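Under this note's numbering, think of the first position of the sequence shown as 3, with each following residue one higher.
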Amino acid sequence: LHPPSTYIQACRRRLSTARRASMSGTSELVKPLADAGVASNVIRILEEQRIDGADAINDLDANDWVRLYELGIKVGDKAAIQQVARKLREPTKFLVAPASLKFNLLAYAIGIVWAAPGVAIGAINTFGPFPADRELDTVGSSLLLVVLPGALYQVFATIVIESFRTYFSTDVLQQRSVGISLREAQRSNLANMAIVAALLLTVIIAMVQADSPLEGTGSNAALLAQYYMLFLVTSMVPLFGAIVMSSLLLLYIEPLDDSAAIAFIGPFMDYFGEPIISVLVGVFNFVPALSLWIYGAYGFGAGLLASLSTVLLMRKVCLTQLYLAAWENPELDSEVRKQRHGEVALDTQNACCERLFTCVMCCPTKT
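Structure follows, in structure tokens:
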């Protein structure tokens with residue numbers, strides 16, 4: 003999934019001229035001056051005088067211009083040179099990615115699918131055979147209606163985490179800039195994910211220990227109350243895992259230098275991506291639990307509105323992730339990008355990134 007190619011090309015054209023010039027070893031003024039129609043001999047004079055940027059032109063005083071006139075620059079050339087310098091000093095205009103219909107439809111579909119169980123349970127609680135005052139008092143009904151579906155749902159959540167953790171870890175690093183420290187990048191990512199997971203966990207633990215959504219109106223053993231707790235537990239477990247895994251990885255990567263950190267990250271690349279997907283799964287279970295609480299406390303109407311809000315929230319989260327994953331670093335040339343795409347595809351199949359980081363160690367200037 004990628005944004006339209008025209009947007010990618012426009013982003014690449016927005017690269018700073020100075021950045022490109024520093025990579026090629028030429029003055030940032032050469033191409034803009036040539037495009038403005040300035041004669042090649044004038045450009046050569048500026049290069050010989052080491053006037054290689056907009057700041058250098060703006061710093062020229064009257065005596066400097068007199069000296070340049072003596073070397074062959076004309077008054078008309080001065081006006082063109084100063085105009086080019088002003089344009090180079092103008093702030094960069096940022097381009098907003100165009101909306102993608104495919105991304106929006108996919109994000110809405112994910113939101114609807116994840117919010118549907120809450121709507122179904124809320125409807126059963128209000129209109130179905132398991133109202134708030136009916137307890138699931140028999141072992142058979144509890145096993146059939148709560149334990150078995152709940153166990154399958156938790157297995158599904160675990161499969162989602164296990165399946166996407168390598169994707170998230172490689173996707174975050176795939177567009178990394180040349181020369182970036184992987185050790186510092188991963189340390190920052192782990193610390194941020196641990197903080198976010200801890201903040202969410204404090205709220206979820208409070209909800210687990212607080213009153214049931216059917217307190218005063220029904221039984222804590224009713225179907226809605228049971229699934230309310232199921233969503234909270236399914237949200238709590240991956241968040242605990244995100245905190246513990248982030249802490250352990252930080253403990254082991256902290257005493258390493260950049261080279262040793264690369265060797266350490268490679269075989270455990272899937273572990274470095276797990277806190278990210280764990281936080282997302284935690285959010286995706288926390289919000290339906292909140293909707294169920296509203297169903298139980300305020301009725302079906304308010305609960306349905308909460309579920310619609312859940313769809314919009316999940317759509318926003320998924321859409322943001324899709325756009326971020328589709329972004330390409332315009333500072334990377336096509337050779338490096340193609341090489342990284344191939345490496346990530348291979349590493350995802352093997353659930354290991356030794357090949358990727360072996361390339362980083364052998365060719366640090368390219369990756």
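We treat Cβ as the ideally placed atom computed from N, Cα and C, and that holds for glycine. Nothing here was measured: the structure is a model prediction, and the numbers come from that model.
* **Expected contact under 8 Å - CB spacing of Leu294 and Leu226 to nearest Å** => 6 Å
* To do: Count the C-beta pairs between the segment 227-238 and the segment 280-289 that are closer than 8 Å, then say yes if the count reaches three, no if not.
  => yes
* Asked: In three-state terms, what does DSSP make of Ser143?
  -> helix
* Proximity of Ser190 and Gly243 at Cβ, strictly below 7 Å -> no
* To do: Please report how far the alpha carbon of Ala81 lies from the alpha carbon of Gln177, in whole angstroms.
  => 41 Å
* Asked: From Cys268 to Leu175, what does the alpha carbon distance come to, in whole angstroms?
  -> Note that residue 268 corresponds to Gly in the displayed sequence, not to Cys. Roughly 12 Å between the two C-alpha positions.
* Asked: If you run the structure through DSSP and keep just helix, strand and coil, what is Leu258?
  -> coil
* Output the distance between the C-alpha atoms of Thr312 and Val289, rounded to the nearest integer angstrom. => 6 Å
* Asked: Between Ile245 and Ala196, which are expected to be in contact by the criterion C-beta below 8 Å, what is the C-beta distance as a whole number of angstroms?
  -> 5 Å
* Grab me the residues of Gly113's own chain with a C-beta within less than 8 Å of its C-beta, minus the 5 sequence neighbours each way, in chain order. => Thr312, Val313, Leu314, Leu315, Met316, Arg317, Cys320
* Asked: Would a C-beta distance cut-off of 7 Å place Gly275 and Phe158 closer than the cut-off?
  -> no
* Grouping DSSP H, G and I as helix and E and B as strand, with all else coil, what is Val149? -> helix
* **The alpha helix (DSSP H) enclosing Val283, as first and last residue numbers** => 271-300
* **First through last residue of the alpha helix (DSSP H) which encompasses Leu216** => No alpha helix (DSSP H) contains Leu216, which DSSP labels as neither H nor E.
* Asked: Among the residues of its own chain, which have a CB less than 6 Å from the CB of Ala117, if the five just before and after it don't count?
  -> Ser309, Thr312, Val313
* Asked: Count the other CB atoms within 10 Å of the CB of Phe105; is the residue buried (16 or more) or exposed (fewer)?
  -> buried
* **Beta-carbon gap between Val86 and Pro34 smaller than 7 Å** => yes
* Close-in-space but distant-in-sequence residues of the same chain around Ile163 (CB under 7 Å, 5 per side omitted) -> Pro240, Glu276, Ile279, Ser280, Val283
* Is the Cβ-Cβ distance between Asp79 and Ser183 less than 7 Å? -> no
* **Spatial distance of Phe233 from Pro131 (CA atoms)** => 21 Å
* Gly120: first and last residue of the uninterrupted alpha helix (DSSP H) it sits in -> 103-129
* **Option nearest Pro332 by Cα separation, candidates Ser179, Leu202, Ala122** => Ser179
* So, helix, strand or coil for Val40, using DSSP? -> coil
* Whole angstroms is fine: what's the gap from Val148's alpha carbon to Met231's? => 10 Å
* For Gly301, I'd like the list of residues in its chain whose CB is within less than 6 Å of its CB, leaving aside the five on either flank, ordered along the chain. => none
* How is the alpha helix (DSSP H) around Lys76 delimited, first residue to last? -> Counting along the chain, Lys76 falls outside any alpha helix (DSSP H), and DSSP gives it neither H nor E.
* Asked: Run through DSSP, which three-state label would Glu49 get?
  -> helix
* Flag this pair as yes or no: are the beta carbons of Ile47 and Leu31 separated by less than 7 Å? => no
* Sequence-distant residues of the same chain with beta carbon closer than 6 Å to Ala56, five excluded per side -> Ala87, Leu90, Arg91
* To do: Taking Asp61 as the reference, give the member of Ile83, Val44, Met247, Ala41 with the closest Cα.
  => Ile83
* Asked: Below 7 Å between beta carbons: does that hold for Gly305 and Tyr297?
  -> yes
* Asked: So is Ser165 buried or exposed if we call it buried at 16+ other beta carbons inside 10 Å?
  -> exposed
* To do: Note the first and the last residue of the continuous alpha helix (DSSP H) segment covering Ile59.
  => 56-60
* Asked: Is DSSP giving Phe266 helix, strand or coil here?
  -> helix
* Since Arg109 contacts Met209 with CB under 8 Å, what's their CB separation in whole angstroms? -> The question names Arg, but residue 109 in the sequence shown is Ala. The pair is not a contact, with the Cβ atoms about 26 Å apart (cut-off 8 Å).
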